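Undergrad: Quick note, the sequences are listed as chains A and B, same order. Numbering follows the numbering used here, in which position 213 of the first sequence is assigned residue number 207; successive positions increment by one, without gaps. One gets the numbering used here by counting positions in the second sequence from 1 and adding 10 to each. Got a structure here, written out as structure tokens. Questions coming.
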Amino acid sequence: MRYFIRRFLFFLLTLWTAVTLNFIIPRLEPGDPAEDIVRRLAGQNKPIDPAQLHAIRLMLGIPGGNIFQQYIDYLNLLFHGQFGVSYTYFPYPVTTLIGQSIMWTVGLVLTTNIIGFIAGNLLGAFAAWKRNSIFDSFVSVGLSFVGTLPYMWIALVLLFIFAFQLQLLPMGGGFSETSTRQMSWGYTLDIMQHALLPALSILITGPIGWIMGMRNNMVQTLREDYTRLAIAKGLKPWKVALLYSARNAILPNVTGFAMSLGGIMGGVVLVESIFNYPGMGRLFFEAVGNRDYPLMQTILLFTIVGMLLANLLADFVVGLLDPRVRKGKN
Amino acid sequence: MDRQRRLFSLTSLLLLLLVIVSACGNSQNQGNAKQPAGGNGMIETLNGGAFGGGSNPQVNYNPFSATALIPINAGYVYEPLMVEDTYSCHVNPWLATDYKWQDAKTLVFTLRDGVKWNDGQAFSADDVVFTMNLIHKFPALDTNGLWTSLNTVTAQGNQVTLKFKTPSVAMFEKVIKQDIVSKHVWEKVSDPVKYTDEKPIGTGPFQVESFNQEQLVLKRNPSYWQADKIKVAHLVFSKEEVNQVEDLKLVRGGYDWNAIFMPDIQKAYVARDPNNNHYWFPAGGEISLGMNLTKAPYNDPEFRHAMAYAINRDQISQKAEFGYVKSASQSGLSVPGQESFLPSNMPNKGIFTYDQKQALDILTKAGYKKDSSGKILGKDGKPINITFLVQNGWTDWIQAAQIVQSNLSAMGFTVNVQTPSPDIVESQRAAANYDMIFSVHGGSCSMYENYEYLDSRSLPTVNYIHYKNPAADKLRDQLQQAVTPDEQKKVVAQLAQLSYEQFPDVPLWYGANWFEFSTRKAVGWPDSNNPYCKPADTLLMLTHLRQNTNSQPGK
């Protein structure tokens, strides 16, 4: 029990630190959100109109004054669940935007993460079981090469081939431009079609980490005494591989997976930007570029809380699964 | 709208692929063949590129809002009093048929009869007065800053009288472009700053048909006061995508017109369908070499005179700007569009040619010497070391700065190019803490605004060179009082002459207005043969578009 209480107190402390850093860091960045908006409207080749800049400052109502007072106000608003109005999407509140984006990201990233995790661990386990086979060398050498390709490049090449040259799939967006967005099979199919290329581009490099991690861990556990015992007992090879060796090798990957689920909030910035996917990553990328402090802070906050919760959960799960962790300190 | 510099190298990579793919295309068409006359039929749809409002666009048609889906002054739904062709600065009657400066403080508009809001109610002088008072009550809506000098606005019949606190003739461009909203809708709005105006009631040629976060569709307003001139039934805009994807869509023929920067456009775009794909990049603001006038040697006009000869503008155009831009005039005006304002005796429209020998002669005559290793010395006897600040990420400007660096090094200067972030550059130039810099000014039809950078009373972000000359301040004040175009031209010519002789800064090239268009469906686009407006003057452009009756098939 002490273990769980300690984990929880640690969670609270980290949360407070994160919330405070979240307040401080955006304010260290030089620049003026209003100026960004005018510059974006004018472009690089036109001068900025001071009158317009003044009007936009008034419109956004960017807070000034004492930094401590701002910090107290910020905590107070957070406590009441008020995250403010976005600068980029004025006058819409940031929660409206996040509410719309989060479904897309969760749909895309959660599905691909789960597929990637299952496939990655199975492939990794197989490679370790058949180590030094052709399949294993393909996995260890081939995939580590693929893994070094920049993500952006892979996505652009996919886009260029399937969307531009072959014109099989749409070039971007979450659904067709002409869609009426009424729930129907057609709309569902439309969404799937639009999700295919982004999902594919995540799945090319996504599982590599799991594969490599699983393979390396399992090569270790295959040498352990309990695996040898299982083999000596004459168990079927697949039982030895999955139930004895892989079961222990997967533990670090479980923690990793929980962490990566927490990171979903931040979205997959590059995927969503390239495929113009209406998710959190694109929204966050845009918020940073536009110095949209309310939006940026809220997404960061949600990401941090997500990460911390996932971490806490992983600690609990590992504590339950692995008696050594729970009892280690006693 | 030119938002495409950051991910530039990746764009080039993709375009390289494209160029290889399209290498078989011929490039006899220079993008400016004369467009055929159009027919009288209705064009079903035109796709005009991206709407505003970011990656997660929300319904917002508030014409005063910088974050709306339809940009301020776009003119599709809400219209201004008069429409200026910002290429030649000719003013066209619109909601107002005529205007008159009674004196330098009193401006009277005569409004058009028979104009209706798209809900059927009649447009009247009350709406104009209401709009003006609305932006007074809510300064956050006054994006043109009219009430910095406006005093009262009153209506009498179809005449609206604006009285200013001080002589304000130069406010004219800002007054006429103010979008007018209807009194009967907006007087019921409690907070117009946060109002999203979901069913906009305007006088303009289009009204909103549908919006689904990926696409915005506008439909023709059948009761528009000049409906016979609008031959487009629907305008379609899509959500803005990353630059590479926008480029691909343009190349694939996804847009009937757009405004995006694209490297090697002749091969990447025009050659793919030479019959229909065209571009025209008219000159915008002047990108100028600014020197810190609070410091020696930059405070010496003869030194700056030499700089006007020292920089190879053609090399900048070719290497940094794909040859899309032209050398800028030392007059501070945008030629050829605004050449009618130039003094008649100004040689070569004020454009300096590259002549380093001439530059060195001027420096020698002005008393600058070279040391034994060929370095040019300041009047204090020390070698001149120049720090050049240029905005990080603005790749074309950085390349241009490197050309300036190599040009000046060849003469015997030491130039150190630094690339801090744009915010740092902004604050350094406001604090006069730099040697050389690029800055942009001019290019608009408000001559008062174009020369604001010479006024000692301007903000240091505008008068970035920290120029102080009572003569320039006085000429700008005269522009506020010059009520007839002839008087205005006389004053502008003097400002142009001052810029030409005193070299407050050295204009190098004209920033381009990006504009690609396809004649597959429509003809009558503005181009170099018929520059009746700039591509951003959408109201003028839309009233000129006609159906292409003998459309040439694409390749």
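Note that the Cβ used here is the ideal one computed from N, Cα and C, for glycine as well. Since the structure is predicted, the reported quantities are computational estimates derived from the model, not experimental observations.
What do you reckon, is the C-beta of methionine 165 of chain A under 7 Å from a heavy atom of the ligand COA?
TA: The ligand content of the structure shown is nil, which means the ligand COA is not present either.
Undergrad: Can you confirm whether lysine 380 of chain B, when its beta carbon is compared against all beta carbons of chain C, has any partner nearer than 8 Å?
TA: Judged by its chain identifiers, the structure shown contains no chain C, and its protein chains are A and B.
Undergrad: Isoleucine 361 of chain B: which of B:Asp465, B:Asp129, B:Phe513 and B:Val246 sits nearest, CA to CA?
TA: Residue 361 of chain B sits at position 351 when you count from the first residue of the second sequence. It is B:Phe513.
Undergrad: Taking the C-alpha atoms as reference points, what is the distance between glutamine 401 of chain B and leucine 373 of chain B?
TA: Against the second sequence, residue 401 of chain B aligns to sequence position 391. Against the second sequence, residue 373 of chain B aligns to sequence position 363. If I take the Cα positions, the gap works out to 29 Å.
Undergrad: Is glycine 250 of chain A near threonine 99 of chain A, with beta carbons less than 8 Å apart?
TA: Here residue 250 of chain A refers to the residue found at position 256 of the first sequence. Here residue 99 of chain A refers to the residue found at position 105 of the first sequence. Cβ atoms of glycine 250 of chain A and threonine 99 of chain A: not closer than 8 Å.
Undergrad: Please compile the residues from chain A whose C-beta is within a distance smaller than 8 Å of the C-beta of glutamine 188 of chain B.
TA: Within the second sequence, the letter at position 178 stands for residue 188 of chain B. Neighbours of glutamine 188 of chain B on chain A: none; closest Cβ ~12 Å, over 8 Å.
Undergrad: Look up lysine 305 of chain B in the DSSP assignment and say whether it is helix, strand or coil.
TA: In the second sequence, the residue the question calls residue 305 of chain B occupies position 295. Reduced to three states, the DSSP call for lysine 305 of chain B is coil.
Undergrad: Tell me whether glutamate 280 of chain A is buried or exposed, calling it buried when 16 or more other Cβ atoms sit within 10 Å of its Cβ.
TA: In the first sequence, the residue the question calls residue 280 of chain A occupies position 286. With 16 or more other Cβ atoms from the protein chains shown falling within 10 Å of its own Cβ, glutamate 280 of chain A counts as buried.
Undergrad: Taking Cβ positions, are tyrosine 234 of chain B and glutamate 526 of chain B nearer each other than 8 Å?
TA: Walking along the second sequence from the start, residue 234 of chain B turns up at place 224. Walking along the second sequence from the start, residue 526 of chain B turns up at place 516. Cβ distance not < 8 Å, so tyrosine 234 of chain B and glutamate 526 of chain B don't count as in contact.
Undergrad: Can you tell me whether isoleucine 190 of chain B is helix, strand or coil according to DSSP?
TA: Reading the second sequence from its first residue, position 180 is the one you call residue 190 of chain B. If DSSP states are grouped into helix, strand and coil, isoleucine 190 of chain B belongs with coil.
Undergrad: Here's the rule I'm using: 16 or more other beta-carbon atoms within 10 Å means buried, otherwise exposed. How should valine 218 of chain B be labelled?
TA: To locate residue 218 of chain B, count along the second sequence from 1; it is residue 208. Its Cβ being crowded by 16 or more others within 10 Å, valine 218 of chain B is buried.
Undergrad: Note down, in chain order, every chain B residue with its Cβ under 9 Å from the Cβ of isoleucine 31 of chain A.
TA: In the first sequence, counting from the first residue as 1, residue 31 of chain A sits at position 37. The answer, in chain order, is Ala76 and Thr77.
Undergrad: Considering only residues of the same chain and omitting the five flanking positions on each side of glutamine 46 of chain A, which have a CB-CB separation below 6 Å?
TA: Translated into the one-based positions of the first sequence, residue 46 of chain A becomes position 52. Excluding sequence neighbours, glutamine 46 of chain A sits near Val32.
Undergrad: Quick one: grab the DSSP three-state call for lysine 379 of chain B.
TA: Taking the first residue of the second sequence as position 1, residue 379 of chain B is located at position 369. DSSP places lysine 379 of chain B in coil when its eight states are reduced to three.
Undergrad: Please look up how many angstroms separate the CB atoms of lysine 379 of chain B and tyrosine 97 of chain B, rounded, as I've assumed it's under 8 Å.
TA: By 1-based counting over the second sequence, the position of residue 379 of chain B is 369. By 1-based counting over the second sequence, the position of residue 97 of chain B is 87. That belief does not hold up - the Cβ atoms of lysine 379 of chain B and tyrosine 97 of chain B are roughly 47 Å apart, past 8 Å.
Undergrad: Are the Cβ atoms of glycine 118 of chain A and methionine -5 of chain A separated by less than 8 Å?
TA: Locating residue 118 of chain A in the first sequence gives position 124, where the first residue counts as 1. Locating residue -5 of chain A in the first sequence gives position 1, where the first residue counts as 1. Going by C-beta atoms, glycine 118 of chain A is not nearer than 8 Å to methionine -5 of chain A.
Undergrad: Write down every uninterrupted run of the alpha helix (DSSP H) in the segment 115 to 191 of chain A whose length is 4 residues or greater and which is fully enclosed by it, in chain order.
TA: 128 to 131, 137 to 142 and 145 to 152
Undergrad: For alanine 293 of chain B, which residues does DSSP report across the bridge?
TA: Sequence index remark: in the second sequence, residue 293 of chain B carries index 283 (1-based). BP columns for alanine 293 of chain B point to B:Ala522.
Undergrad: Using beta carbons (cut-off 8 Å, strictly below), is serine 32 of chain B in contact with chain A?
TA: Residue mapping note: residue 32 of chain B aligns to position 22 of the second sequence, counting from 1. Residue placement at serine 32 of chain B cannot be trusted, given a pLDDT of 41 that sits under 50; the coordinates are not used to answer.
Undergrad: Return yes when the Cβ of alanine 165 of chain B is within less than 8 Å of the Cβ of valine 138 of chain B, no when it is not.
TA: The residue given as residue 138 of chain B occupies position 128 in the second sequence. The residue given as residue 165 of chain B occupies position 155 in the second sequence. In this structure, valine 138 of chain B places its C-beta atom within 8 Å of the C-beta atom of alanine 165 of chain B.
Undergrad: How far does the alpha helix (DSSP H) with proline 27 of chain A in it reach, from first residue to last?
TA: Within the first sequence, the letter at position 33 stands for residue 27 of chain A. First-last of the alpha helix (DSSP H) with proline 27 of chain A: 27 to 36.
Undergrad: Between glycine 168 of chain A and the rest of its own chain, which residues show a CB-CB distance below 7 Å, the 5 nearest in sequence each way excluded?
TA: Along the first sequence, read from residue 1 onward, the residue named residue 168 of chain A stands at position 174. Within the same chain, glycine 168 of chain A has close Cβ partners Trp98, Ile185, His188, Tyr271 and Pro272.
Undergrad: In whole angstroms, what is the alpha-carbon distance linking phenylalanine 129 of chain A and alanine 121 of chain A?
TA: On the first sequence, residue 129 of chain A is found 135 positions in, with the first residue counted as 1. On the first sequence, residue 121 of chain A is found 127 positions in, with the first residue counted as 1. Roughly 6 Å between the two C-alpha positions.
Undergrad: With distances taken from CA atoms, which of A:Ile96, A:Gln214, A:Val133 and A:Thr182 is nearest glycine 300 of chain A?
TA: Translated into the one-based positions of the first sequence, residue 300 of chain A becomes position 306. The shortest Cα separation from glycine 300 of chain A among A:Ile96, A:Gln214, A:Val133 and A:Thr182 belongs to A:Ile96.
Undergrad: Compute the distance between the beta-carbons of proline 201 of chain A and glycine 110 of chain A, then report whether it is under 8 Å.
TA: Translated into the one-based positions of the first sequence, residue 201 of chain A becomes position 207. Translated into the one-based positions of the first sequence, residue 110 of chain A becomes position 116. Their beta carbons are under 8 Å apart, which means proline 201 of chain A touches glycine 110 of chain A by this criterion.
Undergrad: Run through chain A and tell me which residues come within less than 8 Å of valine 516 of chain B, C-beta to C-beta.
TA: Numbered from its first residue, the second sequence carries residue 516 of chain B at position 506. Correct list: empty, because the minimum Cβ distance to chain A is about 17 Å.
Undergrad: Apply the 10 Å Cβ neighbour rule to phenylalanine 2 of chain A and answer buried if 16 or more other Cβ atoms are within range, or exposed otherwise.
TA: Start at 1 with the first residue of the first sequence, and residue 2 of chain A comes out as number 8. The residue is exposed, with fewer than 16 neighbouring Cβ atoms inside 10 Å.
Undergrad: Where does valine 88 of chain A sit, in a helix, a strand or coil, going by DSSP?
TA: What you label residue 88 of chain A is simply residue 94 of the first sequence in a count that begins at 1. In the structure shown, valine 88 of chain A sits in a helix (DSSP, three-state: H, G or I).
Undergrad: Tell me, which residues are paired with asparagine 287 of chain B by DSSP?
TA: On the second sequence, position 277 is the one that residue 287 of chain B refers to. Its beta-bridge partners are B:Ser528.
Undergrad: Is isoleucine 361 of chain B helix, strand or coil by DSSP?
TA: Reading the second sequence from its first residue, position 351 is the one you call residue 361 of chain B. Looking at isoleucine 361 of chain B - three-state DSSP - the assignment turns out to be coil, as it is neither helix nor strand.
Undergrad: Excluding sequence positions up to five away, which residues of its chain have a Cβ less than 6 Å from the Cβ of threonine 304 of chain B?
TA: Counting from 1 along the second sequence, the entry for residue 304 of chain B is found at position 294. Counting only Cβ-Cβ distances below 6 Å, and skipping sequence neighbours, we find Ala442 and His476.
Undergrad: Please state the DSSP three-state secondary structure of glutamate 94 of chain B.
TA: Within the second sequence, numbered from 1, the residue matching residue 94 of chain B stands at position 84. When DSSP states are grouped into helix, strand and coil, glutamate 94 of chain B belongs to the strand group.
Undergrad: State yes or no: is the beta carbon of leucine 144 of chain B nearer than 8 Å to at least one beta carbon in chain A?
TA: As a position in the second sequence, residue 144 of chain B is number 134, starting the count at 1. Residue-level contact by beta carbon fails for leucine 144 of chain B and chain A, as no gap is shorter than 8 Å.
Undergrad: Using a beta-carbon distance cut-off of less than 9 Å, what residues from the segment 198 to 222 of chain A approach chain B?
TA: Within the segment 198 to 222 of chain A, no residue has a Cβ that lies closer than 9 Å to any Cβ of chain B.
Undergrad: For cysteine 34 of chain B and aspartate 283 of chain B, I'd like the C-alpha separation in whole angstroms.
TA: Your numbering for residue 34 of chain B matches position 24 in the second sequence. Your numbering for residue 283 of chain B matches position 273 in the second sequence. Low confidence applies here, because cysteine 34 of chain B scores a pLDDT of 37, under 50, leaving its location unreliable; read the following figure in that light. Cysteine 34 of chain B and aspartate 283 of chain B: Cα-Cα distance of roughly 12 Å.
Undergrad: Are the C-beta atoms of histidine 244 of chain B and some chain A residue less than 8 Å apart?
TA: As a position in the second sequence, residue 244 of chain B is number 234, starting the count at 1. Interface residue (Cβ-Cβ distance to chain A less than 8 Å): histidine 244 of chain B is not classified as such.
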